[in-house]
Amino acid sequence: MYDLVVVRYGELTLKGRNKKRFTQQLTKTIRTACRHLPVRFESEHDRFYIHLDDAAYDHVASALAIIPGVAGFSPAIKAEKTTEAITEASSRLLAMHLDSPKTFKVETRRADKTFAIPSMTFSRALAGRLLSAFSDLSVDVHTPDLALHVEIRQSMAFVFVDKVEGLGGFPAGIAGKGYVLLSGGIDSPVAAFLAMKQGIAIEGMHFESSPLTSIEAAQKVVDLSQCLAPYAMHQHFRLHMVPFHRLHQKILETVPEPYHIIIMRRMMFRIAARYARLDHTQVLVTGESVGQVASQTLESLNVINAVTHMPILRPLVTMDKKACIRWAQKIGTYDISIRPFEDCCAVYVPAQPATAPRDYLALRYERLFDFETEISTILKQIQVLEIKQDTSLFLPDYGLTVLEALEAIGAQT
Ligand code: ATP
Ligand code: MG
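Under our numbering, the first residue of the sequence shown is numbered 813, with each subsequent residue one higher.
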């Protein structure tokens, strides 16, 4: 069985002087992701090792598979730095891969030059020994079925065959900061994760309309934030709760129904962009995609976008629903997102939403009420929750309504 996982950083190594900061952030994420497993860690300039001790490789592999910044990894078998021990480890490894006749080659890297045998000589000698031990094996140095890698390093030697592809990208927080507009739906948590994967430090902003919407709808967003926490800076996710109820109610009362969602979104963007600027945040991120619903036609996206100059990242813009669901399942948000409680964009959906809205009409309907005063009030009332990956926060424990709960928790404004 395997006793070591070799983790590679890939893209990160290109990043010159920032490299140290990146690798520190990345190894911290890996350590936290594996914190419940009986493993030991070892750092070595462009590599990271996870000694499996009593842990199952599969558990480590599934944790590594979704860590941004991990380019790839290999399960390996350790050996003493002697020809006999390396041959024995190689035999055990090959036996795991030889369910049918295969071609192979041996590649040796000798980082420890005090090991007396040169790499090429060692590869050839080892290949010879393995050929005589396994009748199912033949050599092909150009396109082998298996490449057996031998590494002889200062602290140990190890052998591996598999190279598992990682997620790539960058560890959280190296690319500046953004706010994700986080609904309780399937898409926005995935958008948040993909933005984090590019190294953006992401905080969440949820527009909650209780009592028009339920405390369970707000709870979904808290639980989604907990799923995102492992990938966030310092492994906790800041969730900004925006009290949207009064403005939402005004929109329902004054704006013609087909424009409800469009105007609601414009208000969200206005609030988010202003709040973000106060906080030195460069971008907003949404789970919007083209053409899924009326508010996501290109015309709608334009009219919604017109209220702010802040760049809006839409990581899912060309992704279809199935692909998005696969991501949601991978990062563990899907089961939370499909709970039946609805956020403000999903309650009171207009029977006939405008699919080709006009800018001038949106402006006209917005003049029907004093939204500026509302927005100023809202900006002062936004509350922040720090969501940690290991501690669940259950709002109904603190109050019957979202407001009561936030007050009792003592969220900061
Ligand atoms: P999602 O699954 O993320 O809800 P969706 O496909 O259901 O997306 P919409 O409901 O039209 O799409 O919302 C589009 C985007 O607007 C969301 O992805 C999210 O970024 C943002 N959004 C919608 N409602 C809210 C809300 N109540 N709070 C914060 N952001 C929201
Ligand atoms: Mg939605």
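Glycine residues also receive a C-beta, built at the ideal position from the N, C-alpha and C atoms.
This one's a predicted model, so the numbers in the text were calculated from it and none came from an experiment.
Cβ pair residue i, residue j closer than 9 Å
i, j, result
"A891", "V971", "yes"
"L1207", "L1218", "yes"
"G1016", "A1029", "no"
"M1079", "L1064", "no"
"S967", "E854", "yes"
"S1037", "L994", "yes"
"A867", "P887", "no"
"A1088", "Y991", "yes"
"G985", "Q837", "yes"
"H1057", "S1021", "yes"
"I1027", "I1187", "no"
"K975", "F927", "no"
"T767", "D858", "Coverage of the chain is limited to positions 813 through 1225, which leaves residue 767 absent and any answer about it impossible."
"V953", "P1127", "no"
"Q865", "R852", "Note that residue 865 corresponds to Asp in the displayed sequence, not to Gln. Result yes, Cβ atoms of D865 and R852 sit closer than 9 Å."
"V1033", "G996", "yes"
"A969", "A897", "yes"
Member of the options whose CA lies at the smallest distance from the CA of residue i
i, options, result
"G1222", "A984, S944, Q1195 and M1079", "Q1195"
"V962", "S935, V1097 and E1100", "S935"
"T1025", "Y821, V1214, K831 and K975", "V1214"
"V1105", "V1119, I1074 and Q1094", "I1074"
"V882", "K1009, L1090, T1189 and V1097", "K1009"
"P1039", "G997, R1077, I1148 and A1084", "Reading off the sequence, residue 1039 comes out as Cys, not Pro. Ranking the options by Cα distance to C1039, first place goes to I1148."
"L979", "S1021, E896 and A875", "A875"
"D1035", "L1205, A1044, V1002 and I862", "L1205"
"H1046", "K832, A845 and G822", "A845"
"L906", "H857, I1137, A959 and D952", "A959"
"T933", "T895, Q1164 and D1182", "T895"
"V872", "H1018, A939, K1133 and D815", "D815"
"A923", "H1048, N830, R965 and S902", "R965"
"Y1177", "V1067, T1189 and R1170", "V1067"
"L942", "T920, S903 and M908", "S903"
"K1133", "I998, R1077 and G1144", "I998"
"D1182", "K1062, D1209 and V1129", "K1062"
"D1171", "E1111, V1129 and T1189", "E1111"
Closer than 8 Å: residue i CB and nearest the ligand ATP heavy atom
i, result
"A1003", "yes"
"R1077", "yes"
"D1155", "yes"
"T1189", "no"
"T1018", "One detail in the question is off: residue 1018 reads as His in this sequence, not Thr. The answer is yes for H1018."
"Q1108", "yes"
"I998", "yes"
"V1115", "no"
"M1080", "yes"
"F1181", "no"
"T1130", "no"
"G1144", "no"
"T1098", "yes"
"V1095", "no"
"F1056", "yes"
"S1149", "yes"
"S995", "yes"
"V992", "yes"
"V1105", "yes"
"I1063", "no"
"I1194", "no"
"I1073", "yes"
"S1037", "no"
"S1101", "yes"
Nearest-angstrom beta carbon gap, residue j and residue i [assumed within contact, 8 Å]
i, j, result
"P1162", "E1069", "4 Å"
"V1102", "A1174", "That pair is no contact at about 19 Å."
"F885", "R820", "7 Å"
"R1050", "E900", "Between E900 and R1050 the Cβ distance is about 51 Å, and since that is not below 8 Å, they are no contact."
"T1142", "I878", "Rather than Thr, the amino acid found at residue 1142 in this sequence is Lys. Right, their Cβ atoms sit about 6 Å apart."
"M1122", "V1095", "7 Å"
"T1098", "S947", "Incorrect: roughly 59 Å between the Cβ atoms, too far for contact."
"K989", "T1093", "5 Å"
"T798", "A1085", "Residue 798 cannot be examined here, being either before or after the span of the chain that is shown, 813 to 1225."
"V918", "A939", "5 Å"
"L910", "L949", "7 Å"
Residue-level contact to chain D via CB, residue i, 9 Å cutoff
i, result
"L1036", "The structure shown contains no chain D; it holds only a single protein chain."
- May I have a chain-ordered list of the alpha helix (DSSP H) segments no shorter than 4 residues that lie completely inside the stretch 1015-1057? Complete alpha helix (DSSP H) runs here, min 4: 1027-1040.
- Where are the beta strand (DSSP E) runs, 3 residues long or more, that stay fully inside the stretch 1087-1144, in chain order? 1095-1097
- Item | Any beta strand (DSSP E) of 3 or more consecutive residues that is wholly inside the stretch 898-964 | 914-922, 949-951 and 958-964
- Query: What beta strand (DSSP E) runs, 3 residues minimum, are completely inside the stretch 824-890?
  - Reply: 852-856 and 859-863
- Message: For a minimum of 3 consecutive residues, which ranges assigned as the beta strand (DSSP E) are wholly contained in the stretch 962-1006?
- Response: 969-972 and 989-993
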